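Number of protein chains: 2
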Amino acid sequence: MTDTARGTSRRYGSRPTMKDVAARAGVGLKTVSRVVNGEPGVTPETERRVQDAITALGFRRNDSARILRKGRTASIGLVLEDLADPFYGPLSRAVEEVARDHGALLINGSSAEDPAREQELVLALCARRVDGLVIIPAADDHRYLEPEIAAGVATVFVDRPAGRIEADTVLSDSFGGARAAVAHLIAHGHRRIGFIGDQPRIHTAGERLRGYRTAMAEAGLAVDESWVSLGSTAPDRVRFAATAMLDGPRPVTALFAGNNRVTVTAVRVLAERPRPVALVGFDDFELADLVSPAITVVAQDAARLGRTAATMLFRRLDGAGIPPQREEIPTRLVPRGSGELPPPADG
Amino acid sequence: MTDTARGTSRRYGSRPTMKDVAARAGVGLKTVSRVVNGEPGVTPETERRVQDAITALGFRRNDSARILRKGRTASIGLVLEDLADPFYGPLSRAVEEVARDHGALLINGSSAEDPAREQELVLALCARRVDGLVIIPAADDHRYLEPEIAAGVATVFVDRPAGRIEADTVLSDSFGGARAAVAHLIAHGHRRIGFIGDQPRIHTAGERLRGYRTAMAEAGLAVDESWVSLGSTAPDRVRFAATAMLDGPRPVTALFAGNNRVTVTAVRVLAERPRPVALVGFDDFELADLVSPAITVVAQDAARLGRTAATMLFRRLDGAGIPPQREEIPTRLVPRGSGELPPPADG
DNA sequence: GTGCTGATTGACAACGTTGTCCAGAGGTTA
DNA sequence: TAACCTCTGGACAACGTTGTCAATCAGCAC
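Chains as they are written, first to last, in the working numbering: chain A, 1 to 347; chain B, 1 to 347.
Okay, here's the thing in structure tokens:
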């Protein structure tokens, strides 16, 4: 007997199988399977022998084979824009927790806001036969998913709707949040308000712009097109856009920032300027209350978005063929100071 | 012919296989495999027929079966403390990027700083036969991994060393960073400096404490034990600890915060107090420069930690049996204001 | 025509697990 | 004693893919 606890009698890189365990315990293959899976119908004595063999060989069930046999992988895929974005941390974590409650693992990937990369990633996950997908879409056409959904991959879109297919969706109330934010600025006396948002092809960016326009229209204010800037959220572009609005022919007295990355850059730009400019940002962020003035934001509940999406996903996995659901998570205006600054006396 | 583009002739939840494709294209199973994998030796005409059948049936290769056959899963596991912690976002993303460059997917899990949960997660990943593991350990005994590593699972520990086994490790220079931070405070005239850190069983917490003590000792300053508090980073506890140090019999004039969560709470506590207290935090965070005063920090390069770890992992996967490596990533003191505040005149 | 070469193709086993089904042991009852 | 259960355990096929190997065929030199 040369086997050790590490199973070193087998060549490096290969692992003991149930067959090896069975041979060592002197039982049949299926009996090992029964013990490993806690199935009934094994005498305590036999079970002990099998357990000893498992420990001695360092056996670990090969889930690839199990998955192949059973069809379910007990894993779900999460495709988002950028794992490093603080908005997605709590969301991922919430999805993970729900997955864990259902005994599933989470496979994670960033699309980097690139439709091609999203599709590549999603299809790779489908090839792995994940049971379900949570997608924060970068693409605007998801027909490539039709065969997958038809084959039973539960799919939930989060934060932005699916493109050109019907599917479960969980959204934040971007429109309402943006409208409330801009109305808030208007209530504090502002008439010339700028909006800096994300790329227009991103759904939330469009919704927030719509909220902005609606609030302005509701107050009877005309929007000067030089007050609106959509595009990359790279600091340079945002800085340029903000500066242009603040120093333009009809300078804005307040800014509405379309997401957390924009807000952060806006805060930096405004900090450099002599006179205070009102600011409301979409998305809350850590320490928003400690900057001076504290930043008024429209807070989204990222964790709730993730939790809702994952719950919906598992409901669909368990259950029957209910038609696609759409759920909306409310947003909440959090006044902290920056949004309550009045316009300058001469503005 | 009742098959449609969705393969609806098959029952819901089941998917076409290579066998189905082969039958439809009128070729052998292996020929389909060759086409799917881009292997040579297939005439253009045959390839076209196979491709047509693939499209018509909505075939997608089942990677579970492929993995079972090939032995490599092209996936790596990442176990960290909390996906929602902003420190781990960039780290995860960096690991993901490297994995992507190597054609691997990332399976992600949070240990919630619970050793049992770490082990459960790691073993689940091993059962999936991930090719490698990147672990930010919560446990302090990793002997349970020995059979896995012996079986060829490339394993790299990040941010904290492995417990009771030899393994590849990538660490930040916690000791050096902490020492530099405290020396910085001392250079600005502080003599009574408090340290609030994470739970003492966490390696980095211990290293940072050691850095603190070393810097104090090097300056010939005795440490009053009421100035040191290790424990949970929950806001309540940190708040309590900070308040006790600031209002104690020998009140501190400066604080050194052991990680980003502590720093954030410390900033809040100090903001409520009438007179300024110097503060240096371990870990950088967004907007640290915009709080007033801006927060001096010891910055760690989380992305570089992740990148280095993942690179090391794939080097080991490709390569031979080099002995375990240990790499240290430097930290960097970023003075921004809060660390340069002098002690009060009467302090 | 024969034999050889190289290209194309397919039959078959194997990967490690689980579900189905059957065999044998041992006990109970008529 | 025979018939009939119950309980335990094992043989075998199947999951969908890939590696091995052999068969077929066209083209070509002799």
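Glycine is no exception: its CB is placed at the ideal position from the N, C-alpha and C atoms. Computed from a predicted model, the values in this text were never measured in an experiment.
DSSP places I165/A outside both helix and strand once states are collapsed to three, so it counts as coil. With fewer than 16 neighbouring CB atoms inside 10 Å of its own CB, R332/A falls in the exposed class. Contact note: N259/B does not reach chain A at a C-beta cutoff of 8 Å; the least C-beta distance is about 13 Å. It is roughly 20 Å from the alpha-carbon of S64/B to the alpha-carbon of F59/A. For P86/A, the C-beta contacts it makes with chain B under 8 Å involve P86, G89 and E286, in order along the chain. For T253/B, no chain A residue has a C-beta closer than 8 Å to its own C-beta; the minimum C-beta separation is roughly 21 Å. Put simply, the backbone Cα of A254/B is about 29 Å away from that of D82/B. Taking all protein chains in view, the Cβ of T265/A is crowded by 16 or more other Cβ atoms within 10 Å, so the residue is classified as buried. Within the segment 157-231 of chain A, the complete alpha helix (DSSP H) runs of at least 4 residues fall at 174-187 and 203-218. The segment 322-340 of chain A and the segment 106-126 of chain A do not touch, with fewer than 3 CB-CB distances between them shorter than 8 Å. For the segment 312-328 of chain B, there are no residues whose beta carbon sits under 8 Å from a beta carbon of chain A. In the displayed model, T296/B falls within a strand according to three-state DSSP.
By the criterion of a C-beta distance shorter than 7 Å, Y212/B is surrounded in its chain by A178, V182, F195 and F256, once the five residues flanking it on both sides are discounted. With respect to the C-alpha of V170/A, the residue from A127/A, R100/A and A310/A having the closest C-alpha is A310/A. S338/B counts as buried, since at least 16 other C-beta atoms from the protein chains shown sit within 10 angstroms of its C-beta. Distances from the CA of A271/A to each of L105/A, V291/A and I76/A were compared; the closest alpha carbon is that of V291/A.
When rounded, the separation of the alpha-carbon atoms in L246/B and G176/B is 26 Å. For the alpha helix (DSSP H) assignment, the uninterrupted runs of no fewer than 4 residues enclosed by the segment 66-148 of chain B are, from N- to C-terminal side, 88-101 and 115-127. The Cβ atoms of L230/B and A278/B lie no closer than 8 Å to each other.
Looking only at R261/B, A302/B, C126/B and D20/B, the smallest Cα-Cα distance to E148/B is reached by C126/B. Nearest C-alpha to I54/B among V42/B, P40/B and V36/B: V36/B.
G281/B has A257/B and V297/B as its beta-bridge partners, per DSSP. Interface annotation, I67/B: in contact with chain A, CB-CB separation under 8 Å. The C-alpha of I135/A lies about 42 Å from the C-alpha of P249/A.
Per DSSP, the unbroken beta strand (DSSP E) holding E327/A starts and ends at R326 to I329. Sequence-distant partners of V298/B (beyond 5 residues in either direction) whose C-beta falls short of 6 Å from its own C-beta, in its chain, are G177, A181, F282, T331 and L333. In terms of Cβ geometry, H190/A and P293/A do not form a close pair [threshold 8 Å]. The three-state secondary structure of A241/B, taken from DSSP, is helix. The Cβ neighbour count for A242/A, taken over all protein chains shown within 10 Å, is at least 16; the residue is labelled buried.
In the displayed model, V291/B falls within a strand according to three-state DSSP. Apart from sequence neighbours up to five positions away, the residues of its chain that approach D289/B with a beta-carbon distance below 7 Å are R336, ordered along the chain.
The residue from R275/B, P137/B and N259/B with its alpha-carbon nearest to that of V252/B is R275/B. In chain A, no part has a C-beta under 7 Å from the C-beta of T243/B; the shortest such distance is about 18 Å.
Counting of Cβ neighbours within 10 angstroms places L105/B among the buried residues, the total reaching 16 or more. Annotation for R332/B: the continuous beta strand (DSSP E) segment containing it runs R332 to V334. The beta-carbon of L123/A is placed less than 8 Å from the nearest beta-carbon of chain B.
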